[in-house]
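Asker: Order-wise, the sequence lines are chains A and B. Residue numbers 1 to 118, in the numbering used here, belong to the letters of the first sequence in order. Residue numbers 1 to 111, in the numbering used here, belong to the letters of the second sequence in order. Cβ atoms here follow ideal geometry from the backbone N, Cα and C, with glycine treated the same way. The structure follows.
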Amino acid sequence: GAVVSQHPSRVICKSGTSVKIECRSLDFQATTMFWYRQFPKQSLMLMATSNEGSKATYEQGVEKDKFLINHASLTLSTLTVTSAHPEDSSFYICSAKGTGHYHTGELFFGEGSRLTVL
Amino acid sequence: SQQGEEDPQALSIQEGENATMNCSYKTSINNLQWYRQNSGRGLVHLILIRSNEREKHSGRLRVTLDTSKKSSSLLITASRAADTASYFCATDARNTDKLIFGTGTRLQVFP
Chain A
1 GAVVSQHPSR VICKSGTSVK IECRSLDFQA TTMFWYRQFP KQSLMLMATS NEGSKATYEQ
61 GVEKDKFLIN HASLTLSTLT VTSAHPEDSS FYICSAKGTG HYHTGELFFG EGSRLTVL
Chain B
1 SQQGEEDPQA LSIQEGENAT MNCSYKTSIN NLQWYRQNSG RGLVHLILIR SNEREKHSGR
61 LRVTLDTSKK SSSLLITASR AADTASYFCA TDARNTDKLI FGTGTRLQVF P
């Protein structure tokens with residue numbers, strides 16, 4: 001299947017700092033990417049839809065100034081957690097909607113990034 | 001919330017047994033998908049069933065869809081220890097690109 005690369009896989013930061021997470025589609029151009037957040041033993045909660053070349057669409061209750069999303073190219077979307085606090089500690093997962101040969105309706109997921117804010 | 005619900009939340013079985021997970025959702029859909037997640041990893045797509053389909057097979061997986069009841073089931077036959085993972089259903093609401101995930105079922109298969 002198609003590969004979506006997410007980096008870093010783990011990050012520990014101090015409270016008040018900002019952290020950037022990258023999501024790259026390696027096998028196709030991803031005009032649409034999605035960012036999810038997952039708490040331990042819970043489901044994935046959609047945070048935002050990232051569209052190449054336009055502003056991200058955030059789900060209700062997600063602070064867009066807190067979670068900055070940039071989708072500047074067809075293969076890269078970034079999520080920046082600004083002024084991180086311990087309650088932002090979570091597992092963040094990106095996914096990309098396949099295009100071309102990979103336009104099957106499924107999403108291709110990165111391996112996730114575990115953020116720990118001290 | 002649009003999130004679907006799955007039951008059971010957790011399921012423990014012996015190798016060789018079948019595992020059945022159920023998913024209920026709330027809105028009209030184009031398709032329903034099932035994903036698997038190993039602990040601390042990303043999700044892997046298992047199978048997609050379209051709203052006009054009632055049943056679909058892929059290897060040891062069998063998925064059913066009942067749009068009148070807004071429900072789906074995933075059956076894993078002849079389970080293996082390697083099937084131990086969390087399983088999520090996901091639906092796309094009509095006219096959107098978004099996938100909304102169910103609450104998930106944690107499956108443990110004992111050797």
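1) Could one say the Cβ of B:K98 lies closer than 8 Å to chain A's Cβ atoms, at least one of them?
2) Starting from the beta carbon of B:T103, find every residue of chain A whose beta carbon is closer than 8 Å, and list them in chain order.
3) Using a Cβ-Cβ cut-off of 8 Å, state whether B:L43 counts as contacting chain A.
4) Residues in the region 83-102 of chain A with C-beta within 7 Å of chain B's C-beta atoms, listed in sequence order?
5) Name the residue from B:G102, B:K98, B:I100, B:T84 whose alpha carbon lies nearest to the alpha carbon of B:Q108.
6) Kindly indicate which three-state DSSP category B:E17 falls into: helix, strand or coil?
7) Would you report the Cα separation of A:Y102 and A:E52, rounded to the nearest angstrom?
8) Among residues of its own chain, excluding the 5 on either side of A:W35, which ones have a beta-carbon nearer than 6 Å to its beta-carbon?
9) Among B:R106, B:E53, B:T103, which has the Cα closest to the Cα of B:N31?
10) Out of A:S43, A:I21, A:Q29, point me to the one whose CA is closest to A:I12's CA.
11) Would you be able to state if there are at least three C-beta pairs under 8 Å between the region 73-80 of chain B and the region 56-63 of chain B?
12) Out of B:N22, B:L99, B:Q14, state which residue places its alpha-carbon closest to the alpha-carbon of B:D7.
13) Does the separation of the CB atoms of B:S58 and B:I49 fall below 8 Å?
14) Which residues in the same chain have their Cβ closer than 8 Å to the Cβ of B:R80, if we skip the five residues on either side of it in sequence?
Answerer: In short:
1) The sequence position of residue 98 of chain B within the second sequence is 98, counting from 1. Under the Cβ distance rule, B:K98 counts among the residues neighbouring chain A, one pair being separated by less than 8 Å.
2) One-based indexing of the second sequence puts residue 103 of chain B at position 103. Within 8 Å Cβ-Cβ: Q42, S43.
3) Here residue 43 of chain B is taken as the residue at index 43 of the second sequence, counted from 1. Yes, its Cβ sits closer than 8 Å to a Cβ of chain A.
4) So the list reads I93, K97, given in the order they occur along the chain.
5) For this step, residue 108 of chain B is matched to residue 108 along the second sequence. Of B:G102, B:K98, B:I100, B:T84, the residue nearest in Cα terms is B:T84.
6) In the second sequence, residue 17 of chain B corresponds to position 17, counting from 1. Here B:E17 carries a coil assignment [DSSP, helix/strand/coil].
7) On the first sequence, position 102 is the one that residue 102 of chain A refers to. On the first sequence, position 52 is the one that residue 52 of chain A refers to. Going by the C-alpha atoms only, they are around 17 Å apart.
8) Residue mapping note: residue 35 of chain A aligns to position 35 of the first sequence, counting from 1. Around A:W35, the same chain offers M47, A48, L79, C94 as residues with beta carbons nearer than 6 Å, after the five sequence neighbours per side are excluded.
9) Counting from 1 along the second sequence, the entry for residue 31 of chain B is found at position 31. The shortest CA-to-CA distance from B:N31 to any of B:R106, B:E53, B:T103 is the one to B:E53.
10) Reading the first sequence from its first residue, position 12 is the one you call residue 12 of chain A. For A:I12, the nearest C-alpha among the options comes from A:I21.
11) Yes, they touch.
12) Numbered from 1 along the second sequence, position 7 holds the residue referred to as residue 7 of chain B. With distances taken between CA atoms, B:D7 lies nearest to B:N22 out of B:N22, B:L99, B:Q14.
13) Residue 58 of chain B sits at position 58 when you count from the first residue of the second sequence. Residue 49 of chain B sits at position 49 when you count from the first residue of the second sequence. In this structure, B:I49 does not lie closer than 8 Å to B:S58 by Cβ.
14) Looking up residue 80 of chain B in the second sequence gives position 80. Closer than 8 Å at the Cβ level, and outside the excluded window around B:R80, lie E15, V109.
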